[in-house]
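Asker: Can you keep this structure in mind? I'll have questions shortly.
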Amino acid sequence: MSGLQLANGLAGLLIVTSLLVITAKRPTTSAFFYALQSLVLVGIFVTLAGVTGSHELYLWAGTSVVTKVLLVPILMTRLFGRLDDPKLGTGERISPAVSVLMAAVVLALCFAVVSGVSLPAVAATKPALAVSLAHFFLGLAAIVTQRNILKQVFGYCLMENGSHLTLALMAAKAPELVEVGIATDAIFAVVILGVLGTQIHRTLGTLDADQLTSLKG
Amino acid sequence: MVPSVLPLLALAVPLVAAIGIALLPARDGTTRRTETLHLGAIAALSAVVLALVVEVARGTDVSALGGWLYVDPLAAVFVALIGLIGLLTGLYAWGYVRHDLEHGEIGPRGHKIFHVFFHLFLFTMLLVVTSNNIVMMWVAVEATTLGSAFLVGLYGKRPSLEAAWKYVIIGTVGVAFGLYGTVLTYADGASVLADHEGAILWTNLAAHASALDPMLVKIAFVFVLIGFGTKAGLFPMHAWLPDAHSEAPSPVSALLSAVLLKCALFVVIRYLILTTRAVGADFPQILLMILGFASVAVASFLLYVQKDLKRKLAYSSVEHIGLIALALGFGGPLGIGAAILHAVNHSLAKALIFCGSGNVLMKYGTRDLGEVKGLLRVAPASGVMMMIGSLALAGFPPFNLFVSEFLILGAGIASGHWVVTGLVVLLLTVTVAAFVQIVSGSVLGKAPERIGVGDVGWRALAPMGVLVALVVVMGVAVPRPVARLIEDATAVVVGADRATPIAAPWQKAEPIARLAAPAAPRS
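These protein sequences, in sequence, are chains P and Z.
Under the numbering used here, the first residue of the first sequence is numbered 1, with each subsequent residue one higher.
Under the numbering used here, the first residue of the second sequence is numbered 1001, with each subsequent residue one higher.
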């Protein structure tokens, strides 16, 4: 199996892990699956780096291990572990089975869109590119379909992982600083959402997005 | 492009101020020191911004950090807006936040958080408009959300926390679309340009835009428009805006509405330039017209039915951002020039009226238009200025928004969009009715017994007075240096030598000889 096929296969695993992130019962479990997913992403970076000989991608893989596999999941576990809303339950608007079905539809659509791109750089990695795009929209769907505000944060993380993979596939030689900028931003976003979530939990006593409805019109 | 230290200085001042204030302890005794640092920083920033804008207006595009920062006339317009509105809302906040502290709305800690994030927010917005590196531009836009989230949620009550949460979630998700658009654009450029590193700079992309893959350019523009359009408050991505604008402390509402939305629009304009050069103007213009018109249409009715003063003003922002997008969609030198002028004019008037809403809050303690009556009697200066702000936003002459709306409608007719232009005129009458509600119901009318007569302090009134003066001056005749800068900015967008003159309909026409002469070449 060539390196690029391996990258495409690993990209498939991304979808599986993101479904686990979305359907996990507790936010801390989601954080664990998110770390697992980031590890798969790092695997793709390393594979691509081996195939393309891109020195930058090894660096990306390194920073991703630090930020996405370790730092963000640990931060999330620490911030979210203390918060609980028993009334909310799992907070899913749709059942896990429907989630999986939706993921399949999104994936099929993204394959159709990507087949239209004619850039030579991505000719061999189109499946992975389709997955990266689908991943982005899965994250969006997670935000819409989850009532638990902490789970919505994971939706954002999935979207971010999707764009990150697109960047690696399409522009493997992007300067390291680009990647650091994006990763730093993601960390800050998670921290700020975590702090706000904690404040909301303390002041309002809920984590349910449907309870945040005093502002309307 | 001439290297200069000024863009770096403009970024350094607010960043250093934020760090400096963060290092001060948050106790009752230190609030005066925080205020001194705050006032010193906004004064220093406006001096640096003035020097930078004058430099660019004289015909030199400046850059710094090896081309990562770049200020051309287009960026200079927005840098000037951030500097000016930052100065005036910063001055206003001096009195306003002190009032909040004295009345126990916030503690010394909230006082400190406000000032730290105020300057951090200014820093991130300046980074957006001075970035030439498109990824850094995205990072900066995302940072504006993160920098202002705690300002929106400052009061820590149920509605403000709710507003802050919606703001950050919708903001980061929206801007994630912007990231995707940025990544696509960069990847597209990197595969075309010989120099991979160079593809990250907007100036390089713009120079080689015609070589980009047309399909990818279109997809990227859609992502960018959704992403940064969310931050700009375009319908249907505007859901965060009324909540955040109404729950934030009034000087922050002014900053959000007057400057933040414009920064996001600035990014859209940067990509509009790329897209137009790559695939022609039709595709981006149609999208901008659709979103712009929908924003005006929906916002004008929602604006009319609001009972909360600050929510009303927030929907008015959606409406005016829609008008700007519409003008960009009409295109041509007239449309683009009108859009930029309208961005400036709206900033001035909206900063004025949001500060006015702060005065209303200080006097009445509520934003409910049913309870706010007779402002003119209890606080005459505030009342007059609120009235001027309302009339300006409704589009009456001799105030500034009349001039730019007139130019926008002119651009609509000139580009042959009769029906859209006609419908917009009808929708604008709904807006007029909404602002008449504010004037007749709240500025005039009989004041409740419980409210004592006496205006708010001079610290709050003085910066509003300056804004009133600017609203009138820009309405009577657009000053030549301002018009020149906007014309140069328009030329950056349309890529022509010389743009249509920016002037009020009654302003004396320029001598033909000067208009016919090509603009001096920029270095």
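We put the beta carbon where it would ideally sit given N, CA and C, even for glycine.
Determine, for Glu1197 (chain Z), whether the minimum Cβ-Cβ distance to residues of chain P falls below 8 Å.
Answerer: Judged by the 8 Å Cβ criterion, Glu1197 (chain Z) is in contact with chain P.
Asker: What do you reckon, are the CB atoms on Ile1042 (chain Z) and Val1259 (chain Z) nearer than 8 Å?
Answerer: No, Cβ-Cβ distance for Ile1042 (chain Z) and Val1259 (chain Z) is not below 8 Å.
Asker: Can a CB atom of chain Z be found closer than 8 Å to the CB of Pro175 (chain P)?
Answerer: Output row for Pro175 (chain P): interface = yes.
Asker: Quick one, which of Z:Gly1416, Z:Lys1363, Z:Val1478 and Z:Val1360 has its alpha-carbon nearest Phe1402 (chain Z)'s?
Answerer: Measuring from the Cα of Phe1402 (chain Z), the nearest candidate turns out to be Z:Val1478.
Asker: Helix, strand or coil: how does DSSP classify Glu176 (chain P) here?
Answerer: If DSSP states are grouped into helix, strand and coil, Glu176 (chain P) belongs with the helices.
Asker: Mind checking who Val1267 (chain Z) pairs with in its DSSP beta bridge?
Answerer: For Val1267 (chain Z), which the question treats as bridged, DSSP gives no partner whatsoever.
Asker: What residues are listed by DSSP as bridge partners for Val1062 (chain Z)?
Answerer: Per DSSP, Z:Val1002 and Z:Val1071.
Asker: Taking the C-alpha atoms as reference points, what is the distance between Leu207 (chain P) and Met1387 (chain Z)?
Answerer: Computed Cα separation, rounded: 42 Å.
Asker: Let me know the secondary structure DSSP gives Leu1375 (chain Z) once reduced to three states.
Answerer: Three-state DSSP puts Leu1375 (chain Z) in a helix.
Asker: Tell me where the alpha helix (DSSP H) around Tyr1180 (chain Z) begins and ends.
Answerer: Unbroken alpha helix (DSSP H) run through Tyr1180 (chain Z): Arg1158 to Val1192.
Asker: Between Asp84 (chain P) and chain Z, is there a C-beta pair that is closer than 8 Å?
Answerer: Not an interface residue.
Asker: Where does the unbroken alpha helix (DSSP H) through Ile1486 (chain Z) begin, and where does it stop?
Answerer: Looking at the DSSP string, the run of the alpha helix (DSSP H) that includes Ile1486 (chain Z) is Arg1480 to Val1494.
Asker: Does the distance between the C-beta of Val114 (chain P) and the nearest non-hydrogen atom of the ligand ZN fall short of 7 Å?
Answerer: Among the ligands in the structure shown, none appear at all, so the ligand ZN cannot be discussed.
Asker: Using three-state DSSP, classify Leu1201 (chain Z) as helix, strand or coil.
Answerer: Here Leu1201 (chain Z) sits in strand by DSSP.
Asker: Name, in chain order, the residues that DSSP records as bridge partners for Asp1308 (chain Z).
Answerer: Z:Asp1368, per the DSSP bridge assignment.
Asker: Taking Cβ-Cβ distances shorter than 9 Å, what residues in chain P pair up with Arg1304 (chain Z)?
Answerer: Looking at the sequence shown, residue 1304 (chain Z) is not Arg but Tyr. Under the 9 Å cutoff, chain P gives no residues; its nearest Cβ is about 12 Å from Tyr1304 (chain Z).
Asker: By DSSP, does Asp210 (chain P) sit in helix, in strand, or in coil?
Answerer: Residue state, collapsed to three classes: helix.
Asker: Quick one: which chain Z residues come within Cβ less than 8 Å of Glu160 (chain P)?
Answerer: Simply Ala1176 and Leu1179.
Asker: Ends of the alpha helix (DSSP H) at Met1125 (chain Z)?
Answerer: Element bounds for Met1125 (chain Z): Pro1108 to Thr1130.
Asker: On the CB-based measure, 16 or more other CB atoms within 10 Å of its CB, does Ser251 (chain P) come out buried or exposed?
Answerer: Any property of residue 251 (chain P) remains undetermined from this structure, which presents chain P solely from 1 to 217.
Asker: Report buried or exposed for Val72 (chain P), applying the criterion of at least 16 other Cβ atoms within 10 angstroms of its Cβ.
Answerer: Classification of Val72 (chain P): buried, given that the 10 Å Cβ count is 16 or more.
Asker: If you compare alpha carbons, which of Z:Ala1076, Z:Leu1091, Z:Ile1019 and Z:Pro1014 is closest to Ala1462 (chain Z)?
Answerer: The residue with the shortest Cα to Cα distance from Ala1462 (chain Z) is Z:Leu1091.
Asker: Could you run through the region 189-212 of chain P and flag, in chain order, every residue whose CB is less than 7 Å away from some CB of chain Z?
Answerer: Listed by position, the residues of the region 189-212 of chain P near chain Z (Cβ gap below 7 Å) are Ala189, Ile192, Leu193, Leu196, Gln199, Ile200, Thr203, Leu204 and Leu212.
Asker: Below 8 Å, can you find three or more Cβ-Cβ pairs linking the region 1011-1025 of chain Z to the region 1099-1119 of chain Z?
Answerer: Yes: the two stretches touch, three or more of their Cβ pairs being nearer than 8 Å.
Asker: Which bits of chain Z does Ser163 (chain P) rub up against, with CB to CB less than 7 Å?
Answerer: In chain order: Ala1176, Leu1179, Tyr1180 and Val1183.
Asker: Under a CB-based cut-off of 8 Å, is Arg1270 (chain Z) close to chain P?
Answerer: It does not: the Cβ of Arg1270 (chain Z) has no partner Cβ on chain P nearer than 8 Å.
Asker: Would the beta-carbon of Ala103 (chain P) fall within 8 Å of that of Leu138 (chain P)?
Answerer: A contact, by the Cβ cut-off of 8 Å.
Asker: Using a C-beta cutoff of 8 Å, does Phe45 (chain P) count as contacting chain Z?
Answerer: It does not: the Cβ of Phe45 (chain P) has no partner Cβ on chain Z nearer than 8 Å.
Asker: Can you name, in chain order, every residue of its own chain whose Cβ lies under 8 Å from the Cβ of Gln1507 (chain Z), other than the five neighbours on each side?
Answerer: The answer, listed in chain order, is Ala1477 and Val1478.
Asker: Met170 (chain P) and Ala1187 (chain Z) look like a contact to me (Cβ under 8 Å); what is the Cβ gap, rounded to whole Å?
Answerer: At roughly 3 Å, the Cβ-Cβ gap stays under 8 Å, so Met170 (chain P) and Ala1187 (chain Z) are in contact.
Asker: Taking Thr1031 (chain Z) as the reference, give the member of Z:Val1318, Z:Lys1312 and Z:His1111 with the closest Cα.
Answerer: Among Z:Val1318, Z:Lys1312 and Z:His1111, the Cα nearest to that of Thr1031 (chain Z) is on Z:His1111.
Asker: Which chain P residues sit within Cβ distance under 9 Å of Arg1367 (chain Z)?
Answerer: Those within 9 Å of Arg1367 (chain Z) in chain P number zero; the least Cβ separation is about 12 Å.
Asker: May I ask you to report which of helix, strand or coil DSSP gives Gln199 (chain P)?
Answerer: If DSSP states are grouped into helix, strand and coil, Gln199 (chain P) belongs with the helices.
Asker: Any contact between the region 142-158 of chain P and the region 25-44 of chain P? By contact I mean 3 or more CB pairs, one from each, below 8 Å.
Answerer: Verdict: yes, contact present.
Asker: Going by Cα to Cα distance, which pick from Z:Leu1179, Z:Ser1160, Z:Phe1266 and Z:Asp1100 is closest to Leu1081 (chain Z)?
Answerer: Taking only the C-alpha atoms, the option nearest Leu1081 (chain Z) is Z:Phe1266.
Asker: Leaving out five residues before and five after Thr125 (chain P) in sequence, what residues of the same chain have Cβ atoms less than 7 Å from its Cβ?
Answerer: Excluding sequence neighbours, Thr125 (chain P) sits near Leu4, Ala7, Asn8 and Leu169.
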